[in-house]
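Have a look at the structure below before the remarks.
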């Protein structure tokens, strides 16, 4: 009788133990996953939290911050400052043809970044838009990126863009088809340049070349949790 009781108890305990979930020996994450893929929370900027959570010694944690504002400026409306053109805060548009045929640039602004005393480096990246979610045309729609000094949420106009003496050349994005396909083949993210972080960082983008046929590029900057993520972001901490 005692032996049968022991067997029944053992069977119950073994059955219960085998039902407890445990990690499988092979991870389902791909070999090229980043910490941002594994734990997106670690990569989200928080404008309301000036201090970053402490990271374990020796660990590199990627933080990514998306723009708070994109402002399109148009040479045909040089002093327009009533509202955003196209009434959008995430719309990117560049255009350039020959002189006096209309040019369009875009200002991209980030905030909630580490203070300039943090000694951290911020990297501006460009996630190529999905091909069916953009309009791009012209013989060479490559564009320049300039870092500019702007107050948070400050209005931008074409006159300000054209006369901005604070602008410093920051990098370029190659818009030629071969270059774009090459970037897509390795993940679709172009690292434009890096610099010391600051709480607010602003950049102006404008086409590089005149052309009889307009060089043109437009898309919406999309940040998580929306999908697909595309456009500009700043990465720091890794």
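In mature numbering (1 follows the signal peptide of the UniProt record, and there is no 0), the protein residues as written are -19 to -1, 1 to 219.
For glycine and all other residues, C-beta sits at the position ideal for the given N, C-alpha and C.
Looking at the unbroken beta strand (DSSP E) that takes in residue i, where does it start and where does it end?
{"i": "residue 216", "result": "212 to 217"}
{"i": "residue 111", "result": "Segment: none, residue 111 is in no beta strand (DSSP E) and carries neither H nor E."}
{"i": "residue 176", "result": "170 to 177"}
{"i": "residue 197", "result": "196 to 201"}
{"i": "residue 46", "result": "44 to 46"}
{"i": "residue 55", "result": "50 to 55"}
Determine the direct distance from the alpha carbon of residue j to that of residue i, and round the result to whole angstroms.
{"i": "residue 42", "j": "residue 62", "result": "39 Å"}
{"i": "residue 128", "j": "residue 200", "result": "21 Å"}
{"i": "residue 85", "j": "residue 190", "result": "12 Å"}
{"i": "residue 205", "j": "residue 110", "result": "14 Å"}
{"i": "residue 188", "j": "residue 44", "result": "29 Å"}
{"i": "residue 183", "j": "residue 137", "result": "11 Å"}
{"i": "residue 161", "j": "residue 217", "result": "24 Å"}
{"i": "residue 60", "j": "residue 70", "result": "18 Å"}
{"i": "residue 153", "j": "residue 181", "result": "21 Å"}
{"i": "residue 198", "j": "residue 149", "result": "22 Å"}
{"i": "residue 92", "j": "residue 48", "result": "7 Å"}
{"i": "residue 163", "j": "residue 134", "result": "35 Å"}
{"i": "residue 96", "j": "residue 89", "result": "19 Å"}
{"i": "residue 56", "j": "residue 116", "result": "20 Å"}
{"i": "residue 58", "j": "residue 156", "result": "26 Å"}
{"i": "residue 104", "j": "residue 76", "result": "25 Å"}
{"i": "residue 178", "j": "residue 46", "result": "12 Å"}
{"i": "residue 112", "j": "residue 94", "result": "30 Å"}
Could you give the residue range of the alpha helix (DSSP H) that holds residue i?
{"i": "residue 154", "result": "Not the alpha helix (DSSP H): residue 154 falls in the beta strand (DSSP E), residues 149 to 154."}
{"i": "residue 220", "result": "Coverage of the chain is limited to positions -19 through 219, which leaves residue 220 absent and any answer about it impossible."}
{"i": "residue 140", "result": "139 to 144"}
Kindly identify the DSSP beta-bridge partner or partners of residue i.
{"i": "residue 127", "result": "150, 185"}
{"i": "residue 118", "result": "197"}
Let's test the definition: count the other Cβ atoms within 10 Å of the Cβ of residue i and tell me whether it reaches 16, buried, or not, exposed.
{"i": "residue 214", "result": "buried"}
{"i": "residue 83", "result": "exposed"}
{"i": "residue 79", "result": "exposed"}
{"i": "residue 131", "result": "buried"}
{"i": "residue 98", "result": "exposed"}
{"i": "residue 144", "result": "exposed"}
{"i": "residue 51", "result": "buried"}
{"i": "residue 119", "result": "buried"}
{"i": "residue 168", "result": "exposed"}
{"i": "residue 193", "result": "exposed"}
{"i": "residue 100", "result": "exposed"}
{"i": "residue 221", "result": "Nothing in the structure corresponds to residue 221, since the chain is present only between -19 and 219."}
{"i": "residue 172", "result": "exposed"}
{"i": "residue 209", "result": "exposed"}
Would residue i pass as an interface residue toward chain D - the criterion being a Cβ-Cβ separation below 8 Å?
{"i": "residue 218", "result": "In the displayed structure, chain D is absent; only one protein chain is listed."}
- Task: Kindly provide the ranges of any beta strand (DSSP E) runs that are 3 or more residues long and lie completely inside the stretch 62 to 106, ordered along the chain.
- Result: Counting whole runs of 3 or more residues, the stretch 62 to 106 contains the beta strand (DSSP E) stretches 72 to 77, 85 to 92.
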